[in-house]
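Here the sequence shown is numbered in the working numbering, starting from 619 and rising by one per residue.
Structure record follows, encoded as structure tokens.
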Amino acid sequence: MQQLTAGANLVLAQPQCQIKIKTALPAHIDLDVSAYLLNAQNKVRGDADMIFYGQKHTLNRSVELIEANGKTPYLAQFNLNTQLLDLERNKIALCATIDGQSAINAIQNIEVELWQNGQLSATAIVNSAEKTEKALILAEVYRYKDQWKFRFVNQGFNGGLKPLSEYFGIEISDEQPIPNIEIAPIQPKPLNLSKISLDKAGQTHRIDLTKKEAQLLTVEATWVDNGDDCDNNDDLDLRVGLLIYGEKEMQYIFAPHQQGSLDHFPYIRHLGDVTSATINQPATERVEVNIDIAKKIGRKVGLVFSVYSAISNGVVSIASLQPRMKMQYGEQVVECIFNPSVSPAAKSRFIYTYVIGLAIIDETGVTLQYSGMTSSRFSESTPRLIWKDHQLSVKVDGEPFFK
């Protein structure tokens, strides 16, 4: 276990870690802790990148706040998973602010602990008596080359939560002080989205990547509970198949066993398995694709996106789950919507795989194509891509495999 001073750092041994913040508070003082997910410019991309008492975790739980229940002692904890952070997020700043008129010197010393694999890896102490500011940047977890590191910062910041949030790029109205603003749940800033819907076999749309609107393509597959009172058969899974142009051997990305990576091949990352859905809360599984995938590999690539349900989950009609897919790049959105007239076989309870769409990615753009193809009855075969004369086709006859 290391004792860190301000500025000292150490390499994280694994993607998951916990950072605990401990102190003791007088009865009349409240301490708020917050985390900011920052880009290369040390700014958030939007309100969703601020984790605090009003929004306790990111959408994929890459950062999660467990709040303190008491004041003596006071204990708050951030759970981090750097493997779930996309390429645009280079740092997580962990902060603390005093609510009201007091300053940090009104509370006991603050202890910051780094835990990894159930063991205390490092600890650091903030001498509160020296701090006349209302806010502190306690520590940060940051990406350096191919590693993630933890650093004890211990930097005071005047003004409290509002100016601290604004410093990191959060826009807050002066008419709405932080303690009273209705900011939970926070939604990303409205975008002027250009949305295209595809629902016919072979229908395509091209997404332009040359504008450099973002570093990632995000793909979401969503489905609902079919209302048959059986939980097991609502467990669809999003699977991505990858075939490099000129190759014959496919690669597959799926959760939880082959979730991939954005930083190295296959340059695609699955964000995790979802096992249930309801009518009111559809299930969504997400995949991120590095937009430079074709450049990094040196050739264009083909992707096939499908959802499947193992026979062991029980019989179910794919059509009853209404699967759909959304691909987004910046403000460009393309949806593939389930169409029963294109996929009549999906109404059968013995169809286990539904191909939502195909994508061809080169260095300038993505061509997304609606599919609607299904597996044969009682078959657990996997979708398989084929390149021929620069054209991409799919057959559902590959070797079956399961999560």
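All C-beta atoms in this analysis are idealised placements derived from N, C-alpha and C, irrespective of residue type, glycine included.
Span separating the alpha-carbon of residue i from that of residue j
i	j	result
P803	G672	With a pLDDT of only 48 at P803, under 50, the local geometry of the prediction cannot be trusted, and the value read off the model is given with reservation. Cα to Cα, the separation comes out at about 7 Å.
T623	G890	36 Å
H675	K640	20 Å
P884	G878	6 Å
K1013	L655	41 Å
R769	S739	12 Å
H1008	I979	12 Å
N881	G983	This sequence places Asp at residue 881; Asn is not what is there. Taking the straight line from one Cα to the other gives about 20 Å.
I755	L861	45 Å
L834	A912	13 Å
S989	A839	14 Å
Q765	L628	10 Å
Q659	N708	9 Å
E865	F956	30 Å
Q636	I886	26 Å
R824	I743	53 Å
K965	R995	11 Å
S927	Q634	29 Å
N745	S680	30 Å
L867	T1000	The amino acid occupying residue 867 in the given sequence is Glu; Leu does not appear at that position. E867 and T1000: Cα-Cα distance of roughly 13 Å.
P1018	W841	22 Å
P900	T822	26 Å
R967	Q876	27 Å
Y870	D826	25 Å
Q621	T971	53 Å
E685	A714	12 Å
CB contact flag (residue i, residue j, <9 Å)
i	j	result
V973	T985	no
E906	D855	no
P781	A753	yes
I814	E998	no
I710	Y760	yes
L630	A653	no
Q987	L816	yes
G1034	L1003	The chain is shown only over 619 to 1021; residue 1034 falls outside these bounds and no answer can be derived.
Q695	E831	no
Buried versus exposed call for residue i [16 or more other C-beta atoms within 10 Å across all chains shown]
i	result
H888	buried
I728	buried
R857	buried
W1005	buried
G948	buried
A772	The sequence shown places Asn at residue 772, rather than the Ala named in the question. By the 10 Å Cβ count, N772 comes out buried.
L698	buried
N603	Nothing in the structure corresponds to residue 603, since the chain is present only between 619 and 1021.
I796	At I796 the pLDDT is 38, less than 50, meaning the model places this residue with poor confidence; the figure from the coordinates comes in the next sentence. By the neighbour-count rule (16 or more Cβ atoms within 10 Å), I796 is buried.
T700	buried
L572	The question about residue 572 has no answer, for the chain in this structure spans 619 to 1021.
T828	exposed
M945	buried
K749	buried
I788	buried
D1015	exposed
S1071	The displayed coordinates of the chain run from 619 to 1021. Any statement about residue 1071 would go beyond what the structure contains.
K918	buried
G975	buried
P808	Residue placement at P808 cannot be trusted, given a pLDDT of 48 that sits under 50; the coordinates are not used to answer.
Selected residue, minimal CA-CA separation from residue i, among the options
i	options	result
L712	N735, D650, W841	D650
G718	G787, S746, A645, Y785	A645
P958	Q632, Q940, A873	Q940
K661	L816, E731, E706	E706
W733	G820, K767, Y762, Y870	K767
G625	V892, D1015, T741, Q632	T741
L693	L702, E731, E789, P874	E731
G736	G820, F670, A873, Q632	Q632
D665	S783, Q695, M619	S783
K818	I647, Q869, V960	V960
G688	P874, Y863, I647	I647
S720	F670, N776, L702, A686	N776
L702	A901, D910, P874, E981	P874
D704	T822, V892, N657	N657
K914	E981, Q869, A901	E981
I716	Y762, G774, K763	G774
Whole-number beta carbon distance between residue j and residue i, since they are thought to touch under 8 Å
i	j	result
E751	I725	That belief does not hold up - the Cβ atoms of E751 and I725 are roughly 12 Å apart, past 8 Å.
V837	M943	7 Å
V925	G859	Contact doesn't hold; Cβ gap of about 12 Å is too wide.
A963	I969	5 Å
A747	P691	No, A747 and P691 are not in contact; Cβ-Cβ is about 18 Å, not under 8 Å.
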